[in-house]
Amino acid sequence: MHLISYGDSITSNQVAKFIVPLHLLPPNIIDKTLQIGEYEVKVEKVIIHPGITDIPESMLSGDASDLMTLMMTTHDIALVKLSSDLPDSAPIEIYSENKELNQVIKGYGRGTTGTGITGSVQGTQGKLRLLQNRIEETHTNWVSITFDSGEKALDLEGIDGAGDSGGPLIMAVEGKDYLVALFSWDYIEGNLEEFVAGHYGKKSYQVRISTYSDWIRKTMSEN
Numbered sequence: 001m002h003l004i005s006y007g008d009s010i011t012s013n014q015v016a017k018f019i020v021p022l023h024l025l026p027p028n029i030i031d032k033t034l035q036i037g038e039y040e041v042k043v044e045k046v047i048i049h050p051g052i053t054d055i056p057e058s059m060l061s062g063d064a065s066d067l068m069t070l071m072m073t074t075h076d077i078a079l080v081k082l083s084s085d086l087p088d089s090a091p092i093e094i095y096s097e098n099k100e101l102n103q104v105i106k107g108y109g110r111g112t113t114g115t116g117i118t119g120s121v122q123g124t125q126g127k128l129r130l131l132q133n134r135i136e137e138t139h140t141n142w143v144s145i146t147f148d149s150g151e152k153a154l155d156l157e158g159i160d161g162a163g164d165s166g167g168p169l170i171m172a173v174e175g176k177d178y179l180v181a182l183f184s185w186d187y188i189e190g191n192l193e194e195f196v197a198g199h200y201g202k203k204s205y206q207v208r209i210s211t212y213s214d215w216i217r218k219t220m221s222e223n
């Protein structure tokens, strides 16, 4: 599970809070212990975005078109409050403007890797990796990146693989890093069961933090 902290000034006597895609959270996570770096901390509370809706079971197999249409309208975000702070943590500020389009980002994750030809290779997860990409689409709830090749590709061009959900997309603005998005879901054409992530030309969608910035700040201040 990849969790990213938020806060302009979380100090040593404040309880750590995290932003995470809801689909990563297992049931009954309250009071469970998480390993975050070298620390073990318990989950005190989970606050789910009020716009969250269930995805019909019938859409989770077969042709992907109906699911892709629905996904564009959904939300995938929750806040996790821990029972104690994380010593020496350095929270990152969330991005609140709507100027993500065409900006270069760095993405981090521990999911599967491969090449644009092989796609995502099972068994390669576990190591923290870095990728670069450019935000090519912005929607109300999402930003999107595409795995480009050739002249369009950046030096570290890449896209999220299986297991990267929740990983942060970081954008630098005037030398300062901001959390701009969280890896969430892949755009799939054709049969869901035949999809392999990580091929050239594929695109994925990420939780657009700027859309939720007011909700994040309000919810954190109240909890």
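Under the UniProt record's numbering, the first residue of the sequence shown carries the number 1, and numbering increases by one thereafter.
Just so it is clear, CB atoms sit at the ideal spot from N, CA and C, and this is done for glycine as well.
Item                                                                                                                                                 : Value
Out of Ala-197, Gln-103, Ser-84, which one is the CA nearest neighbour of Arg-134?                                                                   : Gln-103
What are the start and end residues of the alpha helix (DSSP H) that includes Tyr-187?                                                               : Here Tyr-187 belongs to no alpha helix (DSSP H), and DSSP marks it neither H nor E.
Out of Glu-136, Ile-105, Gly-109, which one is the CA nearest neighbour of Ala-162?                                                                  : Gly-109
Need the endpoints of the alpha helix (DSSP H) that Arg-217 sits in, please.                                                                         : 209-222
Starting from Thr-113 and walking both ways along the beta strand (DSSP E), at which residues does that stretch end?                                 : 113-115
At the level of alpha carbons, what is the spacing between Gly-198 and Asn-223?                                                                      : 38 Å
Use the C-beta contact count for Ser-9: other C-beta atoms within 10 angstroms, 16 or more gives buried, fewer gives exposed.                        : Here the model assigns Ser-9 a pLDDT of 26, short of 50, so the residue's position is not dependable and the matter cannot be decided.
If you reduce the DSSP assignment to three classes, tell me which class Thr-53 lands in.                                                             : coil
Any chance you could list the beta strand (DSSP E) runs of at least 3 consecutive residues sitting entirely within the region 19-69, in chain order? : 33-36, 39-48
Using alpha carbons as the reference points, say which of Gln-35, Ile-55, Glu-57, Pro-91 lies closest to Asp-177.                                    : Pro-91
For Ser-9, name the three-state secondary structure that DSSP assigns.                                                                               : Residue placement at Ser-9 cannot be trusted, given a pLDDT of 26 that sits under 50; the coordinates are not used to answer.
Which of the three DSSP states is assigned to Lys-106 in this structure?                                                                             : strand
Over what stretch of residues does the beta strand (DSSP E) that includes Asn-133 continue unbroken?                                                 : 129-134
Out of Asp-160, His-139, Ser-149, Gly-158, which one is the CA nearest neighbour of Met-71?                                                          : His-139
According to DSSP, is Ile-4 helix, strand or coil?                                                                                                   : Here Ile-4 scores only 38 on pLDDT, less than 50, and its place in the model should not be relied on; the value that follows carries that caveat. Three-state DSSP puts Ile-4 in a strand.
Is it true that the CB of Lys-17 sits closer than 8 Å to the CB of Val-80?                                                                           : yes
With a CB to CB cut of under 8 Å and the five nearest residues on each side skipped, what residues in its chain are close to Thr-132?                : It is worth fixing the name first, because residue 132 is Gln in this sequence and not Thr. Here the set comprises Val-104, Ile-105, Lys-106, Gly-107, Leu-154, Asp-155, Leu-156, Glu-157, Gly-158.
Among Thr-53, Phe-183, Gly-114, His-23, which residue has its Cα nearest to the Cα of Val-143?                                                       : Phe-183
In the DSSP assignment, what residue or residues form a beta bridge with Pro-87?                                                                     : Beta-bridge pairing links Pro-87 to no other residue.
By DSSP, does Gly-198 sit in helix, in strand, or in coil?                                                                                           : coil
What span of residues does the beta strand (DSSP E) with Gly-119 cover, start to end?                                                                : 119-121
Bridge partners of Thr-138, per DSSP?                                                                                                                : Val-143
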